[in-house]
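Report on one structure; see the data block that follows.
Residue numbers (full-length UniProt numbering): 1 to 499.
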């Protein structure tokens, strides 16, 4: 049997090579590096992916063709061509089928990965109108405020200890965001008592192991024969991950279903109510897919943005002082920052926007897929081609931004100038498949960052600057976790101690 797989693999690769060589002679493709038989350009792809692709784009131009195994890939860093593909037509409104999509998204009923068509439109209406609308974002403001207050209290307790004042900011930000998402989704925290820090550590470790693994592509998506032979147990591990996730999500749904409440105060209650009205629109798979989307898309990426923002502020204390002066002038010292105060803090918003420009959570936007043959920027693109938009390269293009690698929140000061940036700035994607939860995520980042700046004095650990080296992976996280020193501001000790 092993010999049979071996021979079939050889035949498949030979036929694929012949097909590719014949097609590439006749098709008008975008600029492309020299490729190897079978693997195509896979040997040129290094980690992190966004930097590797940016290097190729700088050499071959902002419209690049790659062949990765059996997949055609179109890579873009041209705002005009991105607009052509994502906003001017629906050809690239689809998502590619992947092993992760097949196994982890409830038969593609998760809104982010659903194929473009009637199902996606129904899920979009359900997500944008019922779950992530401006009314819903406002309704959940008290949850954000309560959890940010717990975040401030935890910082205060650690800073008061004599043995250590050093804070693991990545953990604290992740715990904050996870508890907010759980409250929104299921109406409960990971651990009901926020002062039980040991139980929270255990809870978060388990939650992270279940929901932080990505939904990205893997080697089997480019060489399907590897999936057939169970290469490295990748498919087996994904199936086990899905089983664990499904069990966790199903327990949340069952717990609320048994309560038979009609409050619609949590996402699950809202979805169960909609299911009673229209079981076809809001099936069990759709409900679980929606919950999965909230946990995956709404946790790690939001926490990572907070960590990058705090790292930048520690390396630029003058910016931190300016943000604190704005907060002091607008809020004072008599109460903690609230969700309704955020509109009064334009400079704080500039800091977060500049953080997202330098370190967009998804530096390569989620992949799109062409639903038919088309022409892009004069080049012939075949049906089924993967489209990758390198937002990181666009955000750091010296032809589009002045001093693109510098941290300058002031570049977003002028509202008129900001409006002209257009497609130069796309941390949340673009077009029909843009991130629908960006408003909710931004509010939490602003509130947490504003409260941390308002209540504490911050210092780096040691005299060196915070290490800003990015790690690999789909989400652009820091290679070295952020640790920082903080102490409560004297004028705010009384206020913080009462939280």
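Quick reminder that beta carbons are idealized off the backbone N, C-alpha and C, glycines included.
Keep in mind the model is a prediction, meaning the values are calculated, not measured.
Considering just the uninterrupted stretch of the alpha helix (DSSP H) at residue i, what are its terminal residues?
i           : result
residue 401 : It is not in any alpha helix (DSSP H) - residue 401 carries neither H nor E in the DSSP assignment.
residue 455 : 438-455
residue 121 : 118-125
residue 259 : 234-259
residue 102 : 99-104
residue 27  : From DSSP, residue 27 is part of no alpha helix (DSSP H); its letter is neither H nor E.
residue 325 : 317-331
residue 225 : 224-228
residue 277 : 267-277
Can you look up residue i in the DSSP assignment and give me helix, strand or coil?
i           : result
residue 200 : helix
residue 38  : coil
residue 380 : strand
residue 291 : helix
residue 218 : coil
residue 158 : helix
residue 348 : helix
residue 481 : coil
residue 498 : coil
residue 433 : helix
residue 336 : coil
residue 174 : helix
residue 193 : coil
residue 110 : coil
residue 282 : coil
residue 87  : coil
If you draw a straight line from the C-alpha of residue i to the C-alpha of residue j, how long is it?
i           : j           : result
residue 296 : residue 180 : 13 Å
residue 92  : residue 391 : 16 Å
residue 74  : residue 64  : 6 Å
residue 482 : residue 332 : 28 Å
residue 174 : residue 159 : 19 Å
residue 463 : residue 347 : 27 Å
residue 359 : residue 231 : 33 Å
residue 172 : residue 476 : 18 Å
residue 428 : residue 479 : 22 Å
residue 274 : residue 489 : 47 Å
residue 401 : residue 389 : 18 Å
residue 156 : residue 36  : 57 Å
residue 112 : residue 426 : 17 Å
residue 500 : residue 293 : This structure leaves residue 500 out entirely; the chain is present only between 1 and 499.
residue 493 : residue 336 : 12 Å
residue 396 : residue 356 : 11 Å
residue 385 : residue 260 : 46 Å
residue 313 : residue 184 : 29 Å
residue 338 : residue 45  : 45 Å
residue 220 : residue 305 : 30 Å
residue 354 : residue 315 : 14 Å
residue 124 : residue 423 : 23 Å
residue 412 : residue 49  : 28 Å
residue 405 : residue 177 : 28 Å
residue 268 : residue 142 : 18 Å
residue 109 : residue 287 : 9 Å
residue 468 : residue 496 : 30 Å
Which residue's Cα is closest to the Cα of residue i: the options?
i           : options            : result
residue 470 : 110, 53, 363       : 363
residue 242 : 166, 143, 253, 99  : 99
residue 365 : 269, 217, 349      : 217
residue 456 : 407, 396, 152, 104 : 152
residue 222 : 427, 69, 248       : 69
residue 451 : 426, 326, 293      : 326
residue 67  : 58, 53, 344        : 53
residue 453 : 369, 485, 127, 323 : 323
residue 408 : 320, 345, 375, 116 : 320
residue 379 : 76, 403, 59        : 76
residue 299 : 117, 208, 102, 487 : 208
residue 154 : 97, 137, 198, 134  : 198
residue 57  : 38, 71, 78, 40     : 78
residue 90  : 121, 27, 414       : 121
residue 27  : 382, 446, 414      : 382
Which two residues bound the contiguous beta strand (DSSP E) that contains residue i?
i           : result
residue 388 : 386-389
residue 132 : Taken as a continuous stretch (DSSP letters only), residue 132 belongs to no beta strand (DSSP E), as it is neither H nor E.
residue 410 : Counting along the chain, residue 410 falls outside any beta strand (DSSP E), and DSSP gives it neither H nor E.
residue 65  : 63-68
residue 167 : 166-168
Could you tell me which residues DSSP pairs with residue i in its beta bridges?
i           : result
residue 392 : Bridge partners of residue 392: none, in fact.
residue 375 : 380
residue 364 : 390
residue 94  : 369
residue 71  : 68
residue 486 : 458
residue 470 : 478
residue 76  : 63, 389
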